[in-house]
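Structure record follows, encoded as structure tokens.
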Amino acid sequence: MGSEYNRYRLSRMVMDGSFMELRQIRAFVVVADEASFTRAAARLNVVQSAVSAAVRNLERQVGFQLLERTTHHVKLTQAGRLFLPEARRTLAAAQEAQHVLEQLRGGLRGEVRLGLIQTPQHVVVNPAGLIANFRASHPGVTVSVQFAGSVQHAEDLRRRRLDIAFVALAPEATAGLELYVLKSEKMQLLCRNDRPMSGRDHVELAELVDEPFIETPVTWGNRLATDAAFARAGLSRRIAYEIGDVPSFVSLVKHGLGVAIVPMSFIDLQDEIRAVPLGADAPGRALSLAVPAGHLVSAPAMALLQVARDMHESRT
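Reading the sequence shown from the start, the letters are residues 295 to 610 in our numbering.
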């Protein structure tokens, strides 16, 4: 009963809200995300004392301690955990209201933070084409891009460091995200054409445990999907080389230094290499655009997602 009462009381405070300032709420949310006043200050581009003062004033106004502070870390109290989703909704609603008014003044404005991964150029919605089409429709919006692996993008979306991102993740890695799938496919074995397995109609994962593997970094969705497939099958394998550059990745396979498991849209096949289907345990990969689940998405991010949907639907 006490927890439900406190939840109701904190929710009403946010809805009532005239005594709170958005900067105080924003400071609290960023500290909660970063688990550090120092990192929060750097992210907000203010001095740490200003962040500390904003959170203290907020706690005084709501009548609850929201953060537990120690020498080495910061964590949410029970009241802080109840307050955090309401605070996020308040900030998202304020941002959305601002965007609505900006549109009335003559077009969408602001910034959208877009996460990019290595994607094949011939995919229906490629990043360069998406940004170009979006900028043509919304010249008042700045698109800032961040290049990383899918796993890092997923974490940055959950922590609200990105607004929208290209990701290629297995279903078990998509918690906390809403996805618009652009392309789904099974992954295949990539090997030199002089390997005995290159002429087979399919290969099972169990036949590959002694092969040296060329792999992408652990932050890439392809790697996550392949690792998960071997784990589900109760198998282990040997990673001979780990590389994050697609042409170099293919070159290592071409020169006989190992085999790889890849989505075929990822690779342009050459004379020296072959793609062989995998059996029932083949990992899958879905190239998607992702936004954080459970939050209001900013108007610029929604506009970017809509441009992507229009491109996808017009070409499929």
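Don't be surprised by glycine CBs; every beta carbon is placed ideally from N, CA and C.
Reduced DSSP secondary structure (H/G/I, E/B, other) of residue i
i	result
residue 319	helix
residue 281	Given that the chain is displayed from residue 295 to residue 610, the structure contains no residue 281 and the question cannot be resolved.
residue 561	coil
residue 537	coil
residue 295	Here residue 295 scores only 41 on pLDDT, less than 50, and its place in the model is too uncertain to base an answer on.
residue 312	Residue confidence for residue 312 is low, a pLDDT of 46 falling below 50, so the modelled location carries little weight and cannot support an answer.
residue 553	strand
residue 576	coil
residue 376	helix
residue 345	helix
residue 300	For residue 300, the predicted structure reports a pLDDT of 49, less than 50, and the residue's modelled location is therefore unreliable. A value from the coordinates is still provided. If DSSP states are grouped into helix, strand and coil, residue 300 belongs with the helices.
residue 391	helix
residue 419	coil
residue 601	helix
residue 329	coil
residue 384	helix
residue 547	helix
residue 592	coil
residue 352	helix
residue 402	coil
residue 432	coil
residue 606	helix
Proximity winner among the options, relative to residue i (alpha-carbon distances)
i	options	result
residue 385	454, 528 and 464	454
residue 366	592, 486, 469 and 332	332
residue 535	526, 546 and 527	546
residue 507	317, 419 and 554	554
residue 438	422, 320, 514 and 587	422
residue 335	329, 531 and 345	345
residue 456	598, 530, 539 and 406	406
residue 458	552, 513 and 601	601
residue 552	607, 532, 360 and 494	532
residue 524	481, 543, 492 and 540	481
residue 413	490, 461 and 606	461
residue 353	330, 318 and 548	318
residue 326	598, 427, 359 and 368	368
residue 576	557, 347 and 348	557
residue 463	337, 581, 320 and 388	581
residue 471	445, 491 and 477	445
residue 408	330, 475, 338 and 448	448
residue 378	419, 363, 321 and 391	321
residue 329	358, 530 and 375	375
residue 522	543, 478, 579 and 550	579
residue 339	494, 324 and 513	324
residue 315	360, 363 and 381	381
residue 357	364, 347, 442 and 373	373
According to DSSP, residues forming a beta bridge with residue i
i	result
residue 369	362
residue 438	407
residue 586	471
residue 618	There is no way to answer for residue 618, as the model of the chain reaches only from 295 to 610.
residue 581	462 and 477
residue 569	484
| task | Return the chain-ordered ranges of every alpha helix (DSSP H) run that is complete within the stretch 444 to 531 and spans a minimum of 4 residues. | result | As far as the stretch 444 to 531 is concerned, its whole alpha helix (DSSP H) runs of at least 4 residues are 444 to 452 and 515 to 526.
| Three or more beta-carbon pairs under 8 Å between the stretch 427 to 437 and the stretch 400 to 415, yes or no? | Counting Cβ pairs under 8 Å, three or more are found: they touch.
| Pairing CB atoms from the stretch 488 to 504 with CB atoms from the stretch 568 to 586, are three or more of them under 8 Å? | They touch, by the three-pair rule.
| request: Give a yes or no on contact between the stretch 442 to 458 and the stretch 577 to 588, applying the rule of three or more CB pairs nearer than 8 Å. | output: Three or more beta-carbon pairs drawn from the stretch 442 to 458 and the stretch 577 to 588 are found closer than 8 Å, and the two stretches are therefore classed as touching.
| request: Take every Cβ of the stretch 508 to 524, pair it with every Cβ of the stretch 590 to 610, and state whether three or more of those distances are shorter than 8 Å. | output: Taking a cut-off of 8 Å on C-beta distances, the stretch 508 to 524 does not touch the stretch 590 to 610, as fewer than three cross pairs fall below it.
| Is it true that the stretch 457 to 473 meets the stretch 514 to 523, where meeting means three or more beta-carbon pairs spaced less than 8 Å apart? | Yes, they touch.
| field | Three-pair Cβ contact test at 8 Å for the stretch 483 to 494 versus the stretch 558 to 568 | value | Judged by Cβ distances under 8 Å, the stretch 483 to 494 makes contact with the stretch 558 to 568, as three or more pairs qualify.
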